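Written below as structure tokens is the structure these notes are about.
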Amino acid sequence: MTRTAQQSSRQRVPQSFPYVLMYHSVSEYTEDPYLVTVEPARFERQLRWLRARGCTGVSMRELLAARRAGRGRGLVGLTFDDAYTDFADTVFPLLRRYGWTATVFVISGMMGGHNAWDPAGPRKPLMTEDEVARVAAGGMEIGSHSVLHRRLTTLDQAELAAEVGKSRPMLQALSGQPVNGFCYPYGGVDAAVVSAVREAGYDYGCAIWRSELSGTHALPRTYVGDRDGTLRLDAKRVRHGLRATRAAEIPAPRFLRFR
Numbered sequence: 012m013t014r015t016a017q018q019s020s021r022q023r024v025p026q027s028f029p030y031v032l033m034y035h036s037v038s039e040y041t042e043d044p045y046l047v048t049v050e051p052a053r054f055e056r057q058l059r060w061l062r063a064r065g066c067t068g069v070s071m072r073e074l075l076a077a078r079r080a081g082r083g084r085g086l087v088g089l090t091f092d093d094a095y096t097d098f099a100d101t102v103f104p105l106l107r108r109y110g111w112t113a114t115v116f117v118i119s120g121m122m123g124g125h126n127a128w129d130p131a132g133p134r135k136p137l138m139t140e141d142e143v144a145r146v147a148a149g150g151m152e153i154g155s156h157s158v159l160h161r162r163l164t165t166l167d168q169a170e171l172a173a174e175v176g177k178s179r180p181m182l183q184a185l186s187g188q189p190v191n192g193f194c195y196p197y198g199g200v201d202a203a204v205v206s207a208v209r210e211a212g213y214d215y216g217c218a219i220w221r222s223e224l225s226g227t228h229a230l231p232r233t234y235v236g237d238r239d240g241t242l243r244l245d246a247k248r249v250r251h252g253l254r255a256t257r258a259a260e261i262p263a264p265r266f267l268r269f270r
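Under this note's numbering, the first residue of the sequence shown carries the number 12, and numbering increases by one thereafter.
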């Protein structure tokens with residue numbers, strides 16, 4: 012092995028990804044073609060499953076801060092894409108009952124609207140500005156899910172910068188908190204999109220799948236649906252544990268969807 016290869020090998024250190032659950036909507040339903048809805052009773056059982064295994068649900072902000080401080084054991088990130096009204100009506104009260112927090116990713120240009128990007132699915136209302144402000148005041152982290160929920164990998168440089176960057180100051184003013192996290196619509200990422208999120212000043216980004224881009228600005232998550240009972244959740248947790256550590260050269264962070 013050459014000296015250059017040896018140096019490269021030493022730089023390739025294990026990178027452990029946090030355990031992050033990906034939710035969308037929590038509500039009663041009769042049809043769900045995109046598999047984005049969990050019934051409230053099922054969701055509460057999933058929370059009990061976490062607690063029974065010694066886990067605590069937290070926002071990404073808390074999870075990443077704890078990991079940097081070396082005290083992330085037992086913490087699980089709870090994330091909710093799209094910011095449906097049922098987050099304010101159903102999820103928020105349940106989490107407060109448990110004393111837990113979560114991150115909800117808001118589409119800044121569609122607050123008070125509905126999920127127009129899901130043409131085959133039932134219309135679901137999105138949180139209003141007042142509801143976003145209310146859950147933020149109650150301890151939930153507000154993250155950005157872009158301005159209009161567009162496929163970022165299809166946009167030109169100017170459109171990409173606008174979709175990623177313009178939502179952040181708007182949500183910060185509304186929530187009264189720093190907006191440090193971004194979630195990729197449809198889970199679509201490429202190098203240009205990840206770079207745009209980093210350059211816009213976000214401290215982390217949430218993707219869905221593991222890829223060669225996985226790292227602080229493209230964190231993989233575990234999808235949770237309405238069919239996920241105890242056995243399926245246990246299997247997903249084991250799978251995460253088996254895949255959590257990999258050898259990859261991932262640049263150190265500056266500070267330190269699906270749908």
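In this text, a Cβ means the ideal position worked out from N, Cα and C, and glycines have one as well.
Bear in mind the structure is a predicted one, so any value in this text is a computation, not a measurement.
query, result
"8 Å Cβ cutoff met for Asp214 and Gly192", "yes"
"Through-space distance from His228 to Ser27, alpha-carbon basis", "14 Å"
"C-alpha gap between Val200 and Ser157, whole angstroms", "13 Å"
"Beta-carbon separation (whole angstroms), Glu9 vs Ser70, contact threshold 8 Å", "No answer is possible for residue 9: the residues shown for the chain start at 12 and end at 270."
"Rounded C-alpha distance that separates Cys194 from Gly154", "7 Å"
"With 16 other Cβ atoms within 10 Å as the buried cut-off, status of Glu42", "exposed"
"Three-state class that DSSP yields for Thr48 in the structure shown", "strand"
"Met71 (DSSP reduced to helix, strand or coil)", "helix"
"Straight-line gap, Asp237 to Tyr40 (C-alpha atoms, nearest Å)", "11 Å"
"Residues bridged to Ile118 (per DSSP)", "According to DSSP, Ile118 bridges with nothing at all."
"Start-to-end residues for the beta strand (DSSP E) that takes in Leu163", "Taken as a continuous stretch (DSSP letters only), Leu163 belongs to no beta strand (DSSP E), as it is neither H nor E."
"Cβ neighbours of Glu73 in the same chain (closer than 8 Å, five flanking residues each side left out)", "Leu86, Thr112 and Glu152"
"Straight-line gap, Ala51 to Arg79 (C-alpha atoms, nearest Å)", "This sequence places Pro at residue 51; Ala is not what is there. The alpha-carbon atoms of Pro51 and Arg79 are separated by roughly 33 Å."
"Contact set for Arg232: own chain, Cβ-Cβ below 8 Å, skip 5 residues either direction", "Val31, Leu32, Met33, Gly88, Thr90, Cys217, Ala218 and Ile219"
"Bounding residues of the alpha helix (DSSP H) (the contiguous stretch that carries Asp141)", "Glu140 to Ala148"
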